[in-house]
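Asks:
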Amino acid sequence: HLGATRALKELVPNVRWDDKSIYGVVFSYDSDRIDDILLPMMNAAYELSRDEGWGNVMTGQGSVKAAFKYICKRALGQPHVCLIPHVWRSDAVKKFFGPKNLGPNERRYKRYCRIVSAKVAMPVFLSRPDMVGMYTQFMGGGTCIVLHNVKRGMAFCPPEGES
């Protein structure tokens with residue numbers, strides 16, 4: 601599925617482990633521009649979840665609570681971060697999370713889950729970043745990106761009609 605994402609297809613083949621949830625890629629990339637591939641990476645993870653029929657794609661009313669609970673049940677702890685589309689303004693953040701669930705400056709959900717604007721197409725909940733999600737390691741001019749435990753540690757909240 602990483603190979604199926606056009607933006608990454610030309611970079612490298614993917615490596616797939618037995619549980620169908622771990623992918624690894626190594627390629628040369630400017631580390632200052634690593635955010636530019638965040639959208640293709642998250643889209644690839646979403647496509648994998650959708651195509652494999654995993655239960656980590658949440659839609660409809662209550663999707664934010666369902667995504668949060670999904671991570672809590674499958675990971676070692678609650679979601680550590682939620683990536684939101686960088687184009688979202690304050691009103692969209694309040695509408696999605698519910699104003700009562702937000703911390704100061706609308707940057708925390710349920711007290712501990714950080715809300716981070718990123719180049720993503722939809723909200724993506726991630727469990728502890730040292731366990732799951734996207735990890736980068738700089739190796740002699742190359743960047744290693746590992747998208748791992750997609751099935752257990754990532755939950756997607758696509759807009760209505762995109763699931």
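The opening position of the sequence shown corresponds to residue 601 in the working numbering, with each subsequent residue numbered one higher.
Note that beta-carbon positions come from the ideal geometry of N, C-alpha and C, so glycine has one too.
Treat the numbers as computed from the prediction; the structure is a model and nothing was measured.
(1) Count the other C-beta atoms from every protein chain shown that fall within 10 angstroms of the C-beta of L648, then say buried if there are 16 or more, exposed otherwise.
(2) Per DSSP, what kind of secondary structure is L676 in: helix, strand or coil?
(3) Less than 8 Å between the CB atoms is what I'm expecting for G655 and S727, so what's the real figure, rounded?
(4) In this structure, how does DSSP classify V693 when only helix, strand and coil are distinguished?
(5) Strictly under 8 Å for the Cβ-Cβ distance: is I637 near chain C by that measure?
(6) Cα-Cα, which of D651, V693, G698, K700 is closest to V716?
(7) Quick one: what does DSSP say A721 is sitting in, helix, strand or coil?
(8) Taking the C-alpha atoms as reference points, what is the distance between N705 and V664?
(9) Whole angstroms is fine: what's the gap from Y735's alpha carbon to P685's?
(10) Using DSSP bridges, identify the partner residues of I715.
(11) In terms of residue numbering, what span does the alpha helix (DSSP H) encompassing M658 cover?
(12) Below 6 Å CB to CB, which residues in the same chain sit around P758 once its five sequence neighbours on both sides are set aside?
(13) Classify K695 as buried or exposed, calling it buried when 16 or more other Cβ atoms lie within 10 Å of its own Cβ.
(14) Please go through the same chain and pick out, in chain order, the residues whose beta-carbon is closer than 6 Å to the beta-carbon of R674, but skip the five residues on each side of it.
(15) Please name the residue in D636, Q661, Y709, L683 whose C-alpha comes closest to that of A755.
Replies: Straight from the coordinates:
(1) L648 is buried by the Cβ-count criterion.
(2) In this structure, L676 counts as coil in the three-state DSSP scheme.
(3) S727 and G655 do not touch by the CB rule: their CB atoms are close to 15 Å apart, not below 8 Å.
(4) Per DSSP, reduced to three states, the secondary structure at V693 is helical.
(5) Given the protein chain composition of this structure (a single chain), no chain C is represented.
(6) Among D651, V693, G698, K700, the Cα nearest to that of V716 belongs to V693.
(7) For A721, the secondary structure class from DSSP, reduced to helix, strand or coil, is coil.
(8) Approximately 19 Å between the Cα atoms of the pair.
(9) Since pLDDT at Y735 reaches only 44, below the 50 mark, its modelled position is unreliable, and the value read off the structure follows with that caveat. As the crow flies, the alpha-carbon of Y735 is around 19 Å from that of P685.
(10) Note: I715 sits in a beta bridge opposite C682.
(11) Looking at the DSSP string, M658 is not in any alpha helix (DSSP H), and its letter there is neither H nor E.
(12) Within the same chain, P758 has close Cβ partners M722.
(13) When all chains shown are included, K695 counts as exposed.
(14) Hits under 6 Å: R752.
(15) That would be L683, whose Cα lies nearest to the Cα of A755.
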